[in-house]
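So this is what it looks like as C-alpha cells:
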C-alpha cells in the first residue's frame, strides 16, 4: 500500500508539471527539387506528389514539373546543341531530347512491372487462358510529345512452362493519340 501511494504521488507531481507547447504548422514542399552536376551531366530530381504519378503519364509529369526554358536559362553561357533530360523512378525512366531552343524533339520510355491497360489485359486473358503473368515491361518512343511506337513485353508462366510474348496495343482502342 505504501508503494502504491508513493507511485500515485509521483504520477500526480509529474502530471501537474506537464506543459503544452503549440507548434506552428510545418509545410513541406511536395515538389522538392534536387539538382546534382557531374561534368556535362546534370541530374534534376523531382519527387512525385503521389505514388505512380510519374509512371502513369511520364510526358505529362515532365511538362508539369520541369521547365526546359528555365533550365537552359540557368546554364547561361553554355551553348549545347541539345539537352538529354532523364526522369527516373524505381520502376523506370523517361528520356526526353530537347533541341538548343528547348523544343521537345523525341522521347523514350521504359518501365517494368506496370499495371496493364484494360484492352491489353483483355487480350492477354483471351489469348493465354490459364497462364499467369510473372513480369512485364513497357517500352515506348515518340516524336515530340506524341508516342509513335509502344509495346508490352510480358513473361507468362503455366506450371513449369514459361512463355515470353509481345503485345502492341491498338492506340485507337485505347483512345490515346498523345500523352
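In mature numbering (1 follows the signal peptide of the UniProt record, and there is no 0), the protein residues as written are -18 to -1, 1 to 161.
We put the beta carbon where it would ideally sit given N, CA and C, even for glycine.
Treat the numbers as computed from the prediction; the structure is a model and nothing was measured.
Item, Value
"Sort 66, 120, 85 and 62 by Cα distance to residue 102 and report the nearest one.", "120"
"Would you list the residues sitting across from residue 64 in a DSSP beta bridge?", "81"
"Would you kindly work out how many angstroms separate the C-alpha atoms of residue 12 and residue 144, rounded to a whole number?", "Confidence is the limiting factor: at residue 12 the pLDDT is only 39, short of 50, which leaves the residue's position unreliable, though a coordinate-based value still follows. One C-alpha to the other measures close to 42 Å."
"Chain D beta carbons: is any one of them nearer than 8 Å to that of residue 104?", "Going by chain labels, chain D is absent from the structure shown, which holds only one protein chain."
"Tell me which same chain residues have a C-beta within less than 6 Å of the C-beta of residue 132, skipping the five on either side of it?", "122"
"Can the beta-carbon of residue 163 be found less than 8 Å from the beta-carbon of residue 96?", "Summary: the structure shown does not reach residue 163, with the chain confined to residues -18 through 161, and so no result is reported for it."
"Which full runs of the beta strand (DSSP E) of 3+ residues lie inside the stretch 103 to 156, going along the chain?", "114 to 125, 128 to 140 and 143 to 149"
"Report the three-state DSSP secondary structure of residue -4 (helix, strand or coil).", "Summary for residue -4: the model assigns pLDDT 48, below 50, so the residue's position carries little reliability, and this model does not support an answer."
"DSSP three-state call for residue 48: helix, strand or coil?", "coil"
"If you draw a straight line from the alpha carbon of residue 88 to that of residue 146, how long is it in whole angstroms?", "28 Å"
"Near residue 86, which residues of its chain fall below 8 Å by C-beta distance, leaving aside the five closest residues on each side in sequence?", "50, 78, 79, 80, 126 and 127"
"Given this structure, state the Cα-to-Cα distance separating residue 130 from residue 124, to the nearest angstrom.", "5 Å"
"Looking only at C-alpha atoms, which of 152, 107 and 142 sits nearest to residue 136?", "107"
"Which residues does DSSP pair with residue 74 in a beta bridge?", "71 and 93"
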